[in-house]
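What follows is a single structure, written as structure tokens, with notes after it.
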Amino acid sequence: MHRRPTSSAVEPRLVLITDPRYSLAWTIDVVNAVASVLKPFALAVQLRDKVSTDERVAEAARVLRETTRRTRAIFLVNGRIDLARAVGADGVHMPAGVPIAGAREALGQAAFITTAAHNDDDVVRACGHGADAVFVSPIFTTPGKGTPRGTDALSRAVQIASQVASKGASPRARVYALGGVTANVAASCAEAGADGVAVIRALLDAASAYAAADVARTLANPFTC
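What follows is the structure, given as structure tokens:
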């Protein structure tokens, strides 16, 4: 079994957030294809399903954990610390404003813990609580997600995260752009200082797994060191 780097060394460039509207089989096909064209651990997969039964969510978690382990991708569970621990996930994604101390205690110091950030105050709180990464949203137009904040929100988030890190011993929280991100705008997110992007439709709406892999290259390339 592979060993994942500790949280301070984890540097995914691309986060695929799952959606129950897409079949698990299709999601697995996309994960396999995308992971095959990116460097190890450059891809993170976040299981997000707020509508399915607990049984179906647990089964998806087990399958995705197996897939990400085999493909050397990071696996996160949205909001379910218990499930993340049960399947051996690499971390968990927490809602905006929710303290992460419980997640850190349950999953360990090496866990990759991310949190949502819908405004600058969310970023301040997340960084102060010791989050490894913040998902800043919505950056671009996204159905049902309100007014897009634009890439300036990413620049401010990076500045805030850097200021918080300068006052302590922890590394700077990573900043990801979320909301309406496509291959055409990934470079602008990188230019604003983001460490990567998080997407759903950009990959899961692809015509084929091969096409998804091609899109993934374009999404990740601006963030390659």
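Residue 300 is where the sequence shown starts when you use the numbering used here, and the numbers rise one by one after that. Glycine residues also receive a C-beta, built at the ideal position from the N, C-alpha and C atoms.
Just tell me which of Asp494, Tyr509, Ser469 has its CA closest to the CA of Asn520. Asp494
On the three-pair Cβ rule with 8 Å, is the segment 363-374 touching the segment 385-393? With a cut-off of 8 Å on Cβ pairs, the segment 363-374 is in contact with the segment 385-393, counting three or more such pairs.
Where Phe522 and Asp348 are concerned, what is the direct C-alpha to C-alpha distance, given to the nearest angstrom? 28 Å
How would you call Val350, buried or exposed, if buried means at least 16 neighbouring beta carbons within 10 angstroms? exposed
In chain order, which beta strand (DSSP E) runs of at least 3 residues are fully inside the segment 357-409? 373-377, 390-393
Are there 16 or more other CB atoms within 10 angstroms of the CB of Gln462, so buried, or fewer, so exposed? It counts as exposed.
Range covered by the alpha helix (DSSP H) that runs through Leu337: Careful: Leu337 lies outside any alpha helix (DSSP H) and carries neither H nor E.
By the three-class DSSP mapping on this structure, what secondary structure does Ala485 have? helix
In whole angstroms, give me the CA-to-CA distance for Ala505 and Gly478. 17 Å
Per DSSP, cross-strand counterpart(s) of Leu346: Val376
Beta-carbon proximity of Val329 to Ala501, cut-off 8 Å: no
Residue range of the alpha helix (DSSP H) that includes Gly495: Unbroken run through Gly495 is the beta strand (DSSP E), 495-498; no alpha helix (DSSP H).
Would you call Arg320 buried or exposed, if buried means 16 or more other Cβ atoms sit within 10 Å of its Cβ? With fewer than 16 Cβ atoms within 10 Å of its Cβ, Arg320 is classed as exposed.
Exposure label - Gln345; buried when at least 16 CB within 10 Å: When all chains shown are included, Gln345 counts as buried.
Would DSSP call Tyr509 helix, strand or coil? Here Tyr509 sits in helix by DSSP.
On the three-pair Cβ rule with 8 Å, is the segment 358-366 touching the segment 392-401? no
Taking all protein chains shown into account, decide if Asp431 is buried (16 or more other Cβ within 10 angstroms of its Cβ) or exposed. buried
Please classify Ile438: does DSSP put it in a helix, a strand, or coil? coil
To the nearest whole angstrom, what separates the beta carbons of Ala416 and Ala425, a pair I think is in contact under 8 Å? Indeed they touch by this definition, with Cβ atoms about 6 Å apart.
Going by Cα to Cα distance, which pick from Gly467, Ile438, Arg379 is closest to His428? Per the C-alpha coordinates, the member of Gly467, Ile438, Arg379 positioned closest to His428 is Gly467.
Beta-carbon contacts of Asp530 that lie in its chain and below 6 Å, excluding the five residues immediately before and after: Shown here, the chain extends from 300 to 524; a query on residue 530 therefore has no answer.
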